[in-house]
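Residue numbers (this note's numbering), protein chains in the order written: chain A, 35 to 317; chain B, 35 to 317; chain C, 17 to 574; chain D, 17 to 574.
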Ligand SMILES: Cc1ncc(C[n+]2csc(CCOP(=O)(O)OP(=O)(O)O)c2C)c(N)n1
Ligand SMILES: Cc1ncc(C[n+]2csc(CCOP(=O)(O)OP(=O)(O)O)c2C)c(N)n1
Ligand code: SF4
Ligand code: SF4
Ligand SMILES: [Mg+2]
Ligand SMILES: [Mg+2]
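1. Between residue 253 of chain D and residue 112 of chain A, how many whole angstroms is the CB-CB distance? I'm expecting something under 8 angstroms.
2. Residue 146 of chain B touches chain C at which residues, Cβ-Cβ below 7 angstroms?
3. Determine the closest residue to residue 526 of chain D out of D:507, D:448, D:546, with distance taken between C-alpha atoms.
4. Note down, in chain order, all residues in the region 300 to 315 of chain C with a beta-carbon under 7 angstroms from any beta-carbon belonging to chain A.
5. Which residues in chain E sit within 9 angstroms of residue 319 of chain C, going by Cβ to Cβ distance?
6. By the three-class DSSP mapping on this structure, what secondary structure does residue 255 of chain C have?
7. How far does the beta strand (DSSP E) with residue 213 of chain C in it reach, from first residue to last?
8. Straight-line CA distance for residue 385 of chain C to residue 288 of chain C?
9. Looking only at C-alpha atoms, which of C:33, C:404, C:410, C:387 sits nearest to residue 398 of chain C?
10. Going by DSSP, what residues sit across from residue 462 of chain D in a beta bridge?
11. Comparing alpha-carbon positions, which option in C:477, C:513, C:468, C:507 lies nearest residue 495 of chain C?
12. Report all residues from its chain with a CB closer than 7 angstroms to the CB of residue 428 of chain C; omit the five preceding and five following residues, and keep chain order.
13. For ligand 4, is there any heavy atom lying closer than 8 angstroms to the beta carbon of residue 94 of chain A?
14. Taking 8 angstroms as the cut-off, is the CB of residue 168 of chain B close to at least one heavy atom of ligand 6?
15. Using the Cβ count rule (16 or more neighbours within 10 Å means buried), how would you classify residue 383 of chain C?
16. Based on the DSSP secondary-structure assignment, which residues constitute the bridge partners of residue 371 of chain C?
17. Beta-carbon separation of residue 218 of chain D and residue 297 of chain D under 9 angstroms?
18. Does any C-beta atom of chain D lie closer than 9 angstroms to the C-beta of residue 519 of chain C?
19. Residues in its own chain within less than 6 angstroms of residue 76 of chain B by CB, not counting five upstream and five downstream?
20. Within the present structure, is the beta-carbon of residue 250 of chain D separated from the nearest heavy atom of ligand 6 by less than 8 angstroms?
21. I need the boundaries of the beta strand (DSSP E) containing residue 288 of chain B, first residue and last residue.
22. Decide if residue 395 of chain D is buried, meaning its Cβ has at least 16 other Cβ atoms within 10 Å, or exposed.
23. Return the first residue and the last residue of the beta strand (DSSP E) that residue 150 of chain A is part of.
24. Can you tell me which residues form a DSSP beta bridge with residue 359 of chain C?
25. Note down the Cα distance separating residue 94 of chain B from residue 170 of chain B, rounded to an integer number of angstroms.
26. Under a CB-based cut-off of 9 angstroms, is residue 237 of chain C close to chain B?
27. With residue 421 of chain C and residue 67 of chain B assumed to form a contact (beta carbons below 8 angstroms), what rounded beta-carbon distance in angstroms separates them?
28. Could you tell me if the beta carbon of residue 495 of chain D falls within a distance shorter than 8 angstroms of some heavy atom in ligand 4?
29. Find the residues of chain D that neighbour residue 533 of chain C, judging by a C-beta separation of less than 8 angstroms, and give them in chain order.
30. Grouping DSSP H, G and I as helix and E and B as strand, with all else coil, what is residue 263 of chain A?
31. Measuring only from the beta carbon, is residue 131 of chain A closer than 8 angstroms to any heavy atom that is part of ligand 4?
32. So what's residue 37 of chain B in DSSP terms, helix, strand or just coil?
33. What did DSSP end up calling residue 233 of chain B once you bin it into helix, strand or coil?
34. Quick one: Cα of residue 412 of chain C to Cα of residue 263 of chain C, how far?
35. Could you give the distance in angstroms between the alpha-carbon of residue 151 of chain C and the alpha-carbon of residue 365 of chain C?
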């Protein structure tokens, strides 16, 4: 592969240039519209050539996002966005790889890949549109759903399980960049994504993105979110970040943590040919 | 199912009574022998009737443990011990359910079930024999292996990935009881298991259990472990427990944390018969 | 409740039978959608060749699902002229087009709604008594107050007033006597009820279209009868939780669709090797991969029958209709428990998500009974004892003296891991034998003869295709073509003797199935001796196989 | 290095060919183990009927694997009398028993080791020149210093001195000229090399017996040629990482065994639907479930061919020998890349973990070449364009103007999710067509005629059973029974025309395979028209099918 640098270009690509002509299937008012916008704006800010970026996703409402961009995309299967993105970036380190999806996709069926992606620290950015529900399958509890939410027929008395804490888990698992945004504050989300992409290694951007259909009460997130983790004050120390998280109400937005963990090594430069290797079998 | 209480009995069952007549396949000197012993001693201390206890495991050297006990056992498939144990306990709350296995089984392929078992808080005890290697498949790096361990042909330059932190992840994921033991201090492991079983909800006991064959250097754990988390001083506050972990060198043994999270609810008592339900379909 | 649903319910009250399916567009909420109904004085559980009446409130994106709405020249389209021309794709069959200003009519009613206007119009056009519709509305709108009900009734009547202009829509004969005790049920609900009747008391669930309703119906109802449902983190967990519950002695079940089933096959293999019963209701949808989640197809047959690694004999069943989802689910639990083996029931979206008015199903004796072990003094318990019928008594935790370890490694009769050839062969033999030696009785297939028994023609099919095949064969019989129908309820293991008897005298065989690769035909070839002349009628989803196509396929020969 | 390995290597130096397999007990380390060797002046890649010579250093747990060590009356057992009587199970065939006090002999040598004594004894008994053994020892002990070497040589000679007492062991003819450029290789290593030759440059790995060596050989060697290997957290990740790498344009591969393959089927379905090539080397072991991880069996055929949900055409191949693992792996990469489709190569433990001395394999032209897309001004790129041969040009990230989204949902030619019947049928057709229309050439099967071509008898087989079948057919031909051999290298898709040609004139067919349910036979029945008389010889692992059993099965007819 040619290694074209994915560095800022001439500023000629606009956010609109990163949008495809497809009409999203999302419900009017869905938070994911703003996340799509934020991604395209971030790409424009980064001036990544369209052909050198890829968005990988799983299955869910939010996972529909790749085809709404005009870069390369892989809309894959439920829960496997991260290993696909990992394989892509490991095989093609020249690309800018984004991974995107929902809380169900990423933290329920995809939970194992999530923790191992945090550890592995491949240089990619993972954007989770967290609406605390399985939107696509018509509204069941996800790992981030409150234990007493009785909106699903599958758990009529509420899931009764303590919510999954994406940022705490990410920090414990070794993620190198951890941020939280809110789709109602899209420009801030742009900033978070830009920083995430620029930061080497595995970056998590959790975006609180309301499901207006199955969790209409999430419209209130406008009031509950507060941008108190200013990106410029992000912790670089895990202890400090943990302490911040222990005081977090789940609605603080901004950059929590920027680590300096070693990034997954790119492939070795070729130094041998097959004939050399075959000598190993010769008697 | 009859609900026989799994409470201490008359003291008539000895540790030996909880051992089967099978000879373990383990290498001489393997740490897992001591863990087996500790489990049988803990069962004796708890006086669980043999027929009312079950040990569920996945696949690996350590996962062979169920058949070496004389209680019910399920030696299942790689990575799935926890959901099997969860289903068993959810369907049969009268049983004492232990789950046991290795670091590969529990944190690599089984990692998703691990974090969700921590959250779900079903009343069972999970004993992980951590030897920082895949013993059964002849010595590859596991999630807990040091990044610079070059002992495996699969990762000749070392796995290069930050080790998985079982206790940090467990705490982040909401585990209700978290302890660490060392197979070289088996009586302490007995104590930890007894406390874990007695504590309601999901209990994790990580046991550092050397693989003398593929990680002979782990014999040195005798020197590096230190029992500084006295069970009687276990934190009941998550913040305190996090702070302890941030100072942990990975070799502190004892009980880190005892939480009071709500335990997964047992099934409802039957209140209807099928004919009642069928009325719902009648025109 | 949708207008379609109100219509079926009202028809049911009027003593008719009926069926309703829905076709939805890609939008998560809103966007195009169609309610596809069939009403009849006789029981019906599948669609007819064409729709007699189409009421179009909106033509948006019609090209995306026009092929799911076959019309013929005798069909009538009622369309609101404000929506513009009837799109050419819907005019292709030259149906009669009747413009009715539905929206304007609605506007003239205080609180009027276009859906209610359409409902009133349809009811009047097909001869459905107004009382029946109002009865349902009264129930549906109970909580909305008298005003809402009045507005709806006014809308209804305004719609009915337009019906005079419509000719050519067949009207239904009034039901003589309204039959007693009928049910309104979907295949997914029926599967859930069948599971409970069979004894299931533990369910682990991960939602997936179009299977979620099985789980959603079970969640509250299982709880009412003392069972437990756990929402799992994924399908690897849901199936293994079931194995755990079942190991504990509690009959266990999960429901899923293709992608989820694919994730369960390793665990199903463990169920086979450790002889732990479990039932998976797999509601098929379009494949491969994520495919077409909302549309029906019978393309998971291969994975269901062959998808486990190693030599892993297990059971695969398929209900033959919406109502039969109840019977087959119950039977599947019975088989799984009797034979200590994983059982996959292949339902599909067309059965699972369609609602039918059916006669109340009989209560059956098929309740899962596992052969339990009790300790015998001095005789060590052998969990995997090699028995004549292959079934070994299974101890359940709590049984003193029978403590054993279940294992997915090959094992000795006692359960100890073994690599010995003899142990392997003995256990493989017994796991196979218990399935092949078992007497599945008449339930293995639905047999029916259309016309005279003296025919050399047969159709073999399975699943939701059975009902259109039945309808086709009735018609063919009227035209003098006699035919035998064999709709397999037991897809695996094969029943060569029963099949040979069923095919006795048959020289021409048509295999009908809804998938692209003719998977069922290949399965039949592999395990049965088929008659000399075999044809297949197979087509992938989403288009339903219609009776006239099946009649045509039979006609090719005759 | 084990004594067995030294023996094969020494034999190779002496100009012979040979094969070594190992049988291990359940102990993780230590415990019983046997090295199973065959040496010959001609190439050999499978075991003979019986072992001529057995040297027993220890009889512990012999009953656990005695059946894997067939002896006959002409066999010789050398046993140390200090180990007690030869167990009855090993005396059943009445072999000649020669007591040699191996341990005492070793004790008399300073630094003497019983293994080296046994080695010396065997070498002398079979006529293997001492020089060849010492050459290998010198290399093996290079780092251990002169003393170690001297002690070993002394042990060897002490052992050789005992050989005089042994009669009846066949000695090998000295090799005329030592052939040039031969290799010592296992099937797993050969598969790894074949992958690299085919162009694989990305590998994701999760260890599993008996496939791990494919990955372990690739790890350092892939790095040397500029490729990347990632150790994944599980098989769900390893296969999807491969899809990611392949989407990026880099030919990708993983290796696994039954339980791992079961976890990969959902992702393989995504590979089918999104047309992303990937190769899975599945090294089969005893099943079902965890089964018998260390022993060979051919029972993953069903899951490999049919294990994906939906209509999901893909390729399944199988090498016919240890050496052929190289060719077939390379060919598999070529097919996957050419047809943009997941390809499963079914190797097995018997091939994968056995080491053979083989002639250096030829370098082949099969290098994966994916049809790449380039942007055409003004023409929007259609990733899933419906083409005549079904293969659509695939853009790789970095190609300007061809940006598209790969999808596992059914899609339009452009890749947009679609539920339309026409799109579904078109895409199903093209995904099927690209596989059926492709010309697989002669490689689809290994054909060979034993005896005269004018025979009505044929054997169809696949995988590691091919070599014993070949040996059996050579013997049968000597006895005047002519037979055709068709060893399928392409298990799926079916090749009905080629098969019809290959079976032309055949009236009697024997199907040979190593599994319990005769999976291969069922597959053949499903997709091919077979001759009137078909018999099967099938048996599960762990016992290898021996040539004489195959001869006997042929004899049943004649
Ligand atoms: C293996 C598998 N299991 C289940 C499903 C069904 N399914 C599709 S999307 C989804 C959940 C989506 O939730 P989330 O990721 O939070 O996305 P959202 O729709 O809320 O954006 C599920 C369970 C599937 N497609 N594949
Ligand atoms: C699905 C699947 N993948 C891979 C394997 C192979 N396998 C068996 S045990 C094991 C790792 C065991 O490691 P660990 O759990 O740490 O146990 P240990 O042997 O170290 O006690 C692996 C990878 C398997 N049996 N099943
Ligand atoms: S269901 Fe919820 S998440 Fe899905 S598109 Fe609608 S609003 Fe968005
Ligand atoms: S390989 Fe290691 S973990 Fe396995 S039995 Fe031996 S010492 Fe124990
Ligand atoms: Mg969501
Ligand atoms: Mg381990």
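Cβ coordinates follow ideal geometry from the N, Cα and C atoms, glycine included.
The structure says:
1. Mapped onto the fourth chain, residue 253 of chain D falls at position 237. Mapped onto the first chain, residue 112 of chain A falls at position 78. So it is not a contact: roughly 14 angstroms between Cβ atoms.
2. The residue given as residue 146 of chain B occupies position 112 in the second chain. Within chain C, the residues near residue 146 of chain B are 249, 250.
3. For this step, residue 526 of chain D is matched to residue 510 along the fourth chain. Comparing Cα positions, the closest option is D:546.
4. 305, 306
5. The chain inventory of the structure shown lacks chain E, comprising the protein chains A, B, C and D.
6. Here residue 255 of chain C is taken as the residue at index 239 of the third chain, counted from 1. Note: residue 255 of chain C maps to helix in three-state DSSP.
7. Here residue 213 of chain C corresponds to residue number 197 of the third chain, with the count starting at 1. Premise fails: residue 213 of chain C lies in the alpha helix (DSSP H), 203 to 214, not in any beta strand (DSSP E).
8. Within the third chain, numbered from 1, the residue matching residue 385 of chain C stands at position 369. Within the third chain, numbered from 1, the residue matching residue 288 of chain C stands at position 272. Each residue's Cα considered, the two are about 18 angstroms apart.
9. Mapped onto the third chain, residue 398 of chain C falls at position 382. Residue C:410 is the option with its Cα nearest to residue 398 of chain C.
10. Sequence index remark: in the fourth chain, residue 462 of chain D carries index 446 (1-based). DSSP output for residue 462 of chain D lists D:503 as bridge partner(s).
11. Position 479 of the third chain, counted from the start, is the residue given in the question as residue 495 of chain C. Nearest C-alpha to residue 495 of chain C: C:468.
12. As a working mapping, residue 428 of chain C is identified with position 412 in the third chain. So the qualifying residues of the chain are 434, 439.
13. Within the first chain, numbered from 1, the residue matching residue 94 of chain A stands at position 60. No, Cβ of residue 94 of chain A sits at least 8 angstroms from all heavy atoms of ligand 4.
14. For the purposes of this step, residue 168 of chain B is taken as residue 134 along the second chain, with counting starting at 1. Residue 168 of chain B: yes, Cβ under 8 angstroms from ligand 6.
15. Sequence index remark: in the third chain, residue 383 of chain C carries index 367 (1-based). Exposed.
16. In the third chain, the residue the question calls residue 371 of chain C occupies position 355. C:36, C:202.
17. As a working note, residue 218 of chain D is residue 202 in the fourth chain. As a working note, residue 297 of chain D is residue 281 in the fourth chain. No, Cβ-Cβ distance for residue 218 of chain D and residue 297 of chain D is not below 9 angstroms.
18. Taking the third chain and counting its residues from 1, the one referred to as residue 519 of chain C is at position 503. No, because no Cβ of chain D sits closer than 9 angstroms to the Cβ of residue 519 of chain C.
19. As a position in the second chain, residue 76 of chain B is number 42, starting the count at 1. Here the set comprises 224, 227, 228.
20. Counting from one through the fourth chain, the residue named residue 250 of chain D turns up at place 234. Flag unset: Cβ of residue 250 of chain D not near ligand 6.
21. Sequence index remark: in the second chain, residue 288 of chain B carries index 254 (1-based). Its beta strand (DSSP E) spans residues 286 to 292.
22. For the purposes of this step, residue 395 of chain D is taken as residue 379 along the fourth chain, with counting starting at 1. So residue 395 of chain D counts as exposed.
23. Indexing the first chain from 1 puts residue 150 of chain A at position 116. From DSSP, residue 150 of chain A is part of no beta strand (DSSP E) but of the alpha helix (DSSP H) over 145 to 154.
24. Position 343 of the third chain, counted from the start, is the residue given in the question as residue 359 of chain C. BP columns for residue 359 of chain C point to C:295, C:331.
25. Mapped onto the second chain, residue 94 of chain B falls at position 60. Mapped onto the second chain, residue 170 of chain B falls at position 136. About 5 angstroms.
26. Position 221 of the third chain, counting from 1, holds the residue named residue 237 of chain C. It does: the Cβ of residue 237 of chain C has a partner Cβ on chain B nearer than 9 angstroms.
27. Taking the third chain and counting its residues from 1, one reaches residue 421 of chain C at position 405. Taking the second chain and counting its residues from 1, one reaches residue 67 of chain B at position 33. Their Cβ separation, rounded to whole angstroms, is 18 angstroms, which puts residue 421 of chain C and residue 67 of chain B out of contact at 8 angstroms.
28. Mapped onto the fourth chain, residue 495 of chain D falls at position 479. Residue 495 of chain D: no, Cβ never under 8 angstroms from ligand 4.
29. Your numbering for residue 533 of chain C matches position 517 in the third chain. Per Cβ cutoff of 8 angstroms: 327, 329, 448.
30. To locate residue 263 of chain A, count along the first chain from 1; it is residue 229. In this structure, residue 263 of chain A counts as strand in the three-state DSSP scheme.
31. Locating residue 131 of chain A in the first chain gives position 97, where the first residue counts as 1. Not under cutoff, so the answer is no.
32. Taking the second chain and counting its residues from 1, one reaches residue 37 of chain B at position 3. Note on residue 37 of chain B: pLDDT 38, under 50, position unreliable in the model; the coordinate value appears next. Residue 37 of chain B falls in the coil class under three-state DSSP.
33. Taking the second chain and counting its residues from 1, the one referred to as residue 233 of chain B is at position 199. Coil at residue 233 of chain B, not helix or strand.
34. Taking the first residue of the third chain as position 1, residue 412 of chain C is located at position 396. Taking the first residue of the third chain as position 1, residue 263 of chain C is located at position 247. Computed Cα separation, rounded: 7 angstroms.
35. Locating residue 151 of chain C in the third chain gives position 135, counting from the first residue. Locating residue 365 of chain C in the third chain gives position 349, counting from the first residue. If I take the Cα positions, the gap works out to 30 angstroms.
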